[in-house]
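Trainee: Sequence order for the protein chains is S and E.
When you line the first sequence up against my numbering, it's residues 2 to 204, in that order.
When you line the second sequence up against my numbering, it's residues 2 to 204, in that order.
2 protein chains.
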Amino acid sequence: MAHTTGNLNQPQDADILETPLREQRVFEGTLIDVHHMVVRLPDGREALREIVRHKGAAAVVPVDDQGYVTLVRQHRVVVDTVTLEIPAGKLDHAAEDPYTCAVRELEEETGLVAQTLTLLCPMITTPGFCTERVRIYLATGLTKSAAHPDADEFLHTVRMPLAQAVAMVMRAEIADGKTALGLLMAWAKLGLGAVPASLPPTP
Amino acid sequence: MAHTTGNLNQPQDADILETPLREQRVFEGTLIDVHHMVVRLPDGREALREIVRHKGAAAVVPVDDQGYVTLVRQHRVVVDTVTLEIPAGKLDHAAEDPYTCAVRELEEETGLVAQTLTLLCPMITTPGFCTERVRIYLATGLTKSAAHPDADEFLHTVRMPLAQAVAMVMRAEIADGKTALGLLMAWAKLGLGAVPASLPPTP
Numbered sequence: 002m003a004h005t006t007g008n009l010n011q012p013q014d015a016d017i018l019e020t021p022l023r024e025q026r027v028f029e030g031t032l033i034d035v036h037h038m039v040v041r042l043p044d045g046r047e048a049l050r051e052i053v054r055h056k057g058a059a060a061v062v063p064v065d066d067q068g069y070v071t072l073v074r075q076h077r078v079v080v081d082t083v084t085l086e087i088p089a090g091k092l093d094h095a096a097e098d099p100y101t102c103a104v105r106e107l108e109e110e111t112g113l114v115a116q117t118l119t120l121l122c123p124m125i126t127t128p129g130f131c132t133e134r135v136r137i138y139l140a141t142g143l144t145k146s147a148a149h150p151d152a153d154e155f156l157h158t159v160r161m162p163l164a165q166a167v168a169m170v171m172r173a174e175i176a177d178g179k180t181a182l183g184l185l186m187a188w189a190k191l192g193l194g195a196v197p198a199s200l201p202p203t204p
Numbered sequence: 002m003a004h005t006t007g008n009l010n011q012p013q014d015a016d017i018l019e020t021p022l023r024e025q026r027v028f029e030g031t032l033i034d035v036h037h038m039v040v041r042l043p044d045g046r047e048a049l050r051e052i053v054r055h056k057g058a059a060a061v062v063p064v065d066d067q068g069y070v071t072l073v074r075q076h077r078v079v080v081d082t083v084t085l086e087i088p089a090g091k092l093d094h095a096a097e098d099p100y101t102c103a104v105r106e107l108e109e110e111t112g113l114v115a116q117t118l119t120l121l122c123p124m125i126t127t128p129g130f131c132t133e134r135v136r137i138y139l140a141t142g143l144t145k146s147a148a149h150p151d152a153d154e155f156l157h158t159v160r161m162p163l164a165q166a167v168a169m170v171m172r173a174e175i176a177d178g179k180t181a182l183g184l185l186m187a188w189a190k191l192g193l194g195a196v197p198a199s200l201p202p203t204p
């Protein structure tokens, strides 16, 4: 039985459902595994689905009482890019509560401790081939302790007005999916009105 | 030399840059490959980066003159979920122009032809371990022909007010990353004001 997002599990979905027939692991990695799943298509034929299995992650949009957001600048060598991202990290294991992970990653990367974490989106990063979900939280009521990143994690924290970060999203200057989505959802959730799409570029 | 998103390639980034030393393919799949890259960390030590290589994709938020968006409902067996997504598809090959891909996928999945496609976001889906980028476009000036999905693609199209789709994002009922981000960016780009976070649930 397929889960749905929202109220989408409707009778007329019967003719789009795929039935998993068999699955085997074809690659075992350090971070991800790859599985091959054979499914029965709605028209009776069989097809192969290549699946990247990932434990999942949590991410946090930390907005302080001054309306500033704290982001991290990282070299993502995988995409050969220096990115500006919301604090985030992988779950320790697939069953870890994403809330616990969010609290830990926020403090590790930024030194921030939040009074309130509110789930914004249980984001599916790329549902065509990967099981990863990133739970994105809004963090408010922030106080500061000391950051202590993992030993192989090198990053800078960047604090800026949330309005400026949102404008950077609208100018396509922030391309990381969870970050762009989290910033726009935080802006809306906080009831800040229309998105400031036309702020001048960052000096 | 690392690329940056926006104006982030700053001198103080020197102490966060990782240097790729060697890379080998450890798995060759039908859709993705997995590589192991050894990098030199800023502190001189070496670390392994596991990389899922993917050709990339394009996605389209099609908003018609009545303010309605056309979405597709699909069974994503990889995440065992029926999702509501913006029309999207993989690039035919890594060098394909994402604009061409967006035009094709929009017409294949929905039968819609757009007068104007505007890039909203060159989204990086999950920069920690995957090279995939999804270029998300806003499509306007829409006319309708006949949809003709790929032979192994089963989906329903769903047309609804953009305001309703955006409210579903804010209620966490739409979890696909590119879809949630694309809808919120389209709303802002079209200058529609504050996001309607509190519409009543879809009947």
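Glycine is no exception: its CB is placed at the ideal position from the N, C-alpha and C atoms.
Let me know the secondary structure DSSP gives Ile216 of chain S once reduced to three states.
Mentor: What is shown of chain S runs 2 to 204, which leaves residue 216 of chain S out entirely.
Trainee: Classify Asp177 of chain S as buried or exposed, calling it buried when 16 or more other Cβ atoms lie within 10 Å of its own Cβ.
Mentor: Here residue 177 of chain S corresponds to residue number 176 of the first sequence, with the count starting at 1. The residue in question, Asp177 of chain S, is buried, as its Cβ has 16 or more Cβ neighbours within 10 Å.
Trainee: At which residues does the beta strand (DSSP E) containing Leu49 of chain S begin and terminate?
Mentor: Looking up residue 49 of chain S in the first sequence gives position 48. Residues Glu47 to Arg54.
Trainee: In the DSSP output, which residue or residues are listed as bridge partners for Met161 of chain E?
Mentor: In the second sequence, counting from the first residue as 1, residue 161 of chain E sits at position 160. Answer is E:Val70.
Trainee: Chain E partners of Cys122 of chain S, CB-CB under 7 Å?
Mentor: Counted from its first residue, the first sequence places residue 122 of chain S at position 121. The contacting residues are Ala173, Ala176 and Ala181.
Trainee: In terms of DSSP beta bridges, what is Phe28 of chain S paired with?
Mentor: Here the question's residue 28 of chain S lines up with position 27 in the first sequence. Answer is S:Val35, bridged to Phe28 of chain S.
Trainee: Return yes when the Cβ of Leu72 of chain E is within less than 8 Å of the Cβ of Ala166 of chain E, no when it is not.
Mentor: As a first step, residue 166 of chain E is located in the second sequence; it is residue number 165 there, counting from the start. As a first step, residue 72 of chain E is located in the second sequence; it is residue number 71 there, counting from the start. Against a cut-off of 8 Å, the Cβ pair of Leu72 of chain E and Ala166 of chain E comes out as a contact.
Trainee: With Ala60 of chain S and Val114 of chain S assumed to form a contact (beta carbons below 8 Å), what rounded beta-carbon distance in angstroms separates them?
Mentor: In the first sequence, the residue the question calls residue 60 of chain S occupies position 59. In the first sequence, the residue the question calls residue 114 of chain S occupies position 113. Actually they are not in contact, since the Cβ atoms of Ala60 of chain S and Val114 of chain S sit about 16 Å apart, beyond 8 Å.
Trainee: Chain E beta carbons: is any one of them nearer than 8 Å to that of His76 of chain S?
Mentor: For the purposes of this step, residue 76 of chain S is identified with residue 75 of the first sequence, where counting begins at 1. Closer than 8 Å: yes.
Trainee: By Cβ distance below 7 Å, which residues in the same chain neighbour Val170 of chain S in space, the five residues on each side in sequence not counted?
Mentor: Locating residue 170 of chain S in the first sequence gives position 169, where the first residue counts as 1. Here the set comprises Ala181, Leu184 and Leu185.
Trainee: With DSSP collapsed to three states, give me the class of Arg172 of chain S.
Mentor: Numbered from its first residue, the first sequence carries residue 172 of chain S at position 171. Residue state, collapsed to three classes: coil.
Trainee: By DSSP, does Ala152 of chain S sit in helix, in strand, or in coil?
Mentor: Counted from its first residue, the first sequence places residue 152 of chain S at position 151. Collapsing the DSSP output to three states places Ala152 of chain S in coil.
Trainee: Any contact between the stretch 156-166 of chain E and the stretch 150-160 of chain S? By contact I mean 3 or more CB pairs, one from each, below 8 Å.
Mentor: no
Trainee: In this structure, does DSSP put Leu143 of chain S in helix, strand or coil?
Mentor: As a working note, residue 143 of chain S is residue 142 in the first sequence. Strand at Leu143 of chain S.
Trainee: Name, please, each residue of chain E whose Cβ falls closer than 8 Å to the Cβ of Ala48 of chain S.
Mentor: If you number the first sequence from 1, residue 48 of chain S lands on position 47. Chain E residues near Ala48 of chain S: Asp153.
Trainee: Please return the same chain residues whose Cβ sits closer than 6 Å to the Cβ of Ala95 of chain E, not counting the five positions on each side in sequence.
Mentor: For the purposes of this step, residue 95 of chain E is identified with residue 94 of the second sequence, where counting begins at 1. Around Ala95 of chain E: Lys56.
Trainee: Quick check on DSSP: helix, strand or coil for Val238 of chain S?
Mentor: The structure shown does not extend to residue 238 of chain S, since chain S spans only 2 to 204, so no value can be given for it.
Trainee: From the beta carbon of Cys102 of chain S, is the nearest beta carbon of chain E less than 8 Å away?
Mentor: Stepping through the first sequence from its first residue, residue 102 of chain S is reached at position 101. Cys102 of chain S does not count as touching chain E.
Trainee: Among the candidates S:Gln116, S:Cys131, S:Thr82 and S:Ile137, whose CA atom is the shortest distance from the CA of Cys102 of chain S?
Mentor: Residue 102 of chain S sits at position 101 when you count from the first residue of the first sequence. Closest option to Cys102 of chain S, Cα to Cα, is S:Ile137.
Trainee: Just to confirm my understanding: we take Leu49 of chain E, look at its own chain, exclude 5 residues before and 5 after, and list those with CB closer than 7 Å. What are they?
Mentor: For the purposes of this step, residue 49 of chain E is taken as residue 48 along the second sequence, with counting starting at 1. Excluding positions up to five away in sequence, the list reads His37 and Val39.
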